[in-house]
Each structure stands twice: as structure tokens, then as C-alpha cells.
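Counting along the sequence shown from 1, when you hit position 74 you're at 73 in numbering that gives the first Met the number 0, and nothing is skipped either side.
Even glycine gets a Cβ: it sits at the ideal position worked out from N, Cα and C.
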Amino acid sequence: MKNKSGNAEFDVIVVGGSYAGLSAALQLARARCRVLVIDANRRRNRYAHRSHGFLTQDGSEAAAIAADGRTQLQAYPTVAWANDTAIGAAADGDGFRITLGDGGSVSGQRLVLATGVVDTLPPVDGLQERWGKSVFHCPYCHGYELNEGEIGVLAVGALSMHHALMLPDWGRVTFLLNGTFEPDAAQLAALERRSVSVERTPVARIDGAADVVLADGRRLPMAGLFVASRTDSASPLASQLGCAFEDGPIGAFVATDAQQATSVPGVFCCGDLARATGNVAFAVAEGAMAGVAAHRSLIAELNHPA
């Protein structure tokens with residue numbers, strides 16, 4: 000295939016080597032593009048042992064899915080891998096230049112940002128260390144394994160009504176308001192219809208596997224807890240490049256079109272950074288779209304040079 004990247008070192012640089020980035024890079028590798036994946040090995044779901052709800056991989060180890068994907072991707076001869084952090088991004092001629100944490104830099108004609116997000120949890124003692132083990136955010140990913148047991152929903156505000164009304168399909172739900180808001184009459188009626196118990200006593204700490212210890216000393220044993228984290232971009236690159244963001248219910252995310260293209264020509268974004276909520280299946284699907292779209296944009300440039 001004709002070289003697509005002119006003087007750039009790579010046709011496409013994919014920043015982020017988790018599920019979305021791997022999926023994007025795989026499409027590009029199969030199009031024989033010269034691809035560099037830059038990865039700092041900080042998967043968002045690194046705290047979770049197993050992944051669920053991803054076709055053919057239901058119950059597989061989350062780390063193993065990513066590791067297998069990397070092994071398969073690196074079998075393609077046009078793929079390079081950098082175990083590093085991308086700390087800077089800027090336009091460079093008709094492409095982009097990425098500055099690496101080791102002080103070096105690389106250039107590419109297109110960028111795919113799959114850098115993900117970081118989660119911030121409410122300041123409740125014992126919550127953080129159980130994140131991904133017995134404290135979760137996605138019922139579809141982790142609800143089934145709670146075996147219809149006792150489930151706590153730790154409120155962070157009115158947004159948590161969504162969790163409280165969903166989770167009765169997975170178990171017996173107690174909605175822990177924790178002083179964050181008070182449901183109105185219509186909300187209380189909706190909770191009652193779903194047989195959700197409402198607990199207004201503040202939460203003192205999380206103990207044991209997922210036991211909720213209340214400020215009055217009562218202990219509520221739980222099979223698991225759900226809480227809506229606050230998310231922030233795990234990398235400054237999208238902001239440095241001037242990509243537009245949208246406000247989501249738990250944090251801002253990069254705005255993209257149906258082909259995962261951002262507001263900056265030549266920059267594509269996929270995975271949790273490009274949606275309000277996500278999981279592995281969504282990340283893989285959107286990564287594939289971003290990779291295909293980046294390749295097509297290179298073809299379009301060859302057919303219609305400036």
C-alpha cells in the first residue's frame with residue numbers, strides 16, 4: 000500500500016492501550032497502517048478482577064482480555080508499542096506531534112485518543128479500597144454476581160435515583176441517602192414501587208466485604224455497593240488540542256460524531272473519554288469505529304490532497 004503518512008513517523012498514533020485503543024489499533028493494523036500505541040498501563044478497570052457482559056469473554060479476567068488483545072495486535076508488523084505516558088500534543092504541519100514522558104517525541108498524521116477517565120469517589124471511609132471488588136458503578140457489569148442479595152446504593156445526589164431504580168432487578172436494594180439529597184414525593188413513590196428501602200442515617204464507614212456501618216452504630220450487611228463516581232479525563236491531550244467537551248451526568252467527556260471524530264480535524268476519540276458512561280463492550284465497538292474512520296480519513300486525503 001502507498002505510504003499514507005508523508006514525512007510523519009506513523010500514519011496513526013493511538014494514545015491509550017486498553018480496550019478502546021487496542022480495538023482502534025487493530026483495525027488500523029489490518030489496513031496495513033503504520034501505527035504506534037502509547038500506553039501507560041493504567042486501565043480504568045484495573046481494580047476489577049473479572050469483566051462481564053462482553054460477548055465470548057463473560058467472566059474472563061479483565062487484565063487477561065487486555066493482555067491477549069495486545070499480544071494479537073503486536074503480531075502485525077506495522078504496529079509499534081511505547082510503554083510511556085503521552086504528556087503533550089500539538090498540531091505539527093499536516094499532522095500531530097506527541098511529547099512522551101521520557102522526553103522524546105513522535106509524529107503521526109492522525110491521532111486516536113483512548114486515554115480514558117479517572118474516578119473520584121465520595122469521601123466515605125473504606126469505599127476506595129473496595130472499588131472494583133465490592134463497590135461498583137455498573138449494574139450490567141457486576142450486578143448479576145451479587146446473586147440477588149442485599150445491595151446498597153450510596154447516593155451522591157439526585158443522580159443516584161437512577162441506580163436506586165435500576166438495581167432491584169439484581170437484588171434487594173437499600174438507598175443510602177447519606178445527607179446528599181431528599182427524594183421528593185414522586186421519587187419516593189417510584190422507589191416504593193420498586194421495593195427500595197430508604198435509609199437517611201449518614202454512613203460512617205464501609206467495613207468487611209461491603210457492610211455499611213451507619214452513624215448510629217447499626218451495621219447493614221451488603222453483598223455489594225453501587226455508587227456514581229465523578230469522572231475526569233485521565234490525560235490533558237484532548238484539552239491541549241482544543242477538542243470540544245460535553246457535560247455528562249458524572250463528568251465532562253469529549254464530543255464526537257458517529258465516526259468518533261472530534262471537533263479537531265484528524266483527531267478521533269473513543270472509549271470512556273468519549274461517552275457519558277461506558278463498559279468494555281462499548282469501548283471495543285467505539286474503538287473499532289475510530290480506527291476505521293481514521294484510516295478512511297487518510298484515504299480521503301490521498302484522493303483529495305490540499
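- Where Leu-99 is concerned, the enclosing beta strand (DSSP E) starts and stops at 94 to 99.
- Residue state for Leu-153 is assigned as strand, using DSSP reduced to three classes.
- Inter-segment contact for the stretch 116 to 130 and the stretch 205 to 218 is present: three or more beta-carbon pairs are separated by less than 8 Å.
- By the neighbour-count definition (other C-beta atoms within 10 Å, threshold 16), Tyr-18 is a buried residue.
- Within the same chain, and ignoring the five residues on either side of Arg-42 in sequence, the residues whose Cβ sits closer than 7 Å to its Cβ are Ser-17 and Ala-65.
- Taking all protein chains shown into account, Gly-92 has fewer than 16 neighbouring C-beta atoms within 10 Å of its C-beta and is therefore exposed.
- Just measuring C-alpha positions, the residue of Leu-27, Ala-88 and Ser-104 sitting nearest Thr-77 is Leu-27.
- Across the set Leu-175, Ala-62 and Val-195, the C-alpha of Ala-62 shows the shortest separation from the C-alpha of Tyr-46.
- Along the length of the stretch 102 to 181, whole alpha helix (DSSP H) runs at least 4 residues long occupy 138 to 141 and 160 to 165, reported in chain order.
- The C-beta separation of Leu-240 from Ala-88 comes to about 5 Å, placing the pair in contact by the 8 Å criterion.
- Phe-53 sits in coil when the DSSP states are folded into three classes, being neither helix nor strand.
- Residues Ala-154 and Arg-199 of the same chain have their beta carbon placed closer than 6 Å to that of Leu-176, with the five preceding and five following residues left out of the count.
- The shortest CA-to-CA distance from Val-111 to any of Ala-208, Leu-21 and Ala-299 is the one to Leu-21.
- When secondary structure is reduced to three states using DSSP, Ser-232 falls in the strand class.
- The straight-line gap separating the alpha-carbon atoms of Asp-118 and Gly-142 is approximately 19 Å.
- In this structure, the beta-carbon distance from Val-11 to Cys-32 falls below 7 Å.
- When DSSP reads this structure, Phe-244 sits in a beta bridge with Val-253.
- At the C-beta level, Gly-170 and Met-221 stay beyond 7 Å of one another.
- Taken through DSSP and simplified to helix, strand or coil, Val-283 comes out as helix.
- When only Cα atoms are considered, Gly-107 and Phe-95 end up about 5 Å apart.
- Beta-bridge analysis with DSSP links Asn-82 to Asp-38.
- About 17 Å separates the CB atoms of Gly-247 and Ala-113; that is not less than 8 Å, and the two are not in contact.
- Burial of Ser-228 is indicated by the presence of at least 16 other C-beta atoms within 10 angstroms of its C-beta.
- Cys-268 is not a Cβ neighbour of Thr-276, given a cutoff of 7 Å.
- Inter-residue distance for Ile-37 and Glu-60 is about 23 Å (C-alpha atoms, whole angstroms).
- The beta carbons of Gln-259 and Ala-280 sit no closer together than 7 Å.
- Only residues of its own chain outside the window of five on either side were considered, and among them Pro-167 have a CB closer than 7 Å to the CB of Ser-194, listed in chain order.
- Residue Val-197 holds the alpha-carbon nearest to the alpha-carbon of Met-160 among Glu-8, Ala-251 and Val-197.
- Just so you know, the alpha carbons of Asn-40 and Ala-163 end up roughly 33 Å apart.
- Using a 10 angstroms sphere on the CB of Glu-191, the tally of other CB atoms stays under 16, which defines it as exposed.
- A Cβ-Cβ distance of about 5 Å is found for the pair Gly-178 and Pro-201, placing them in contact under the 8 Å criterion.
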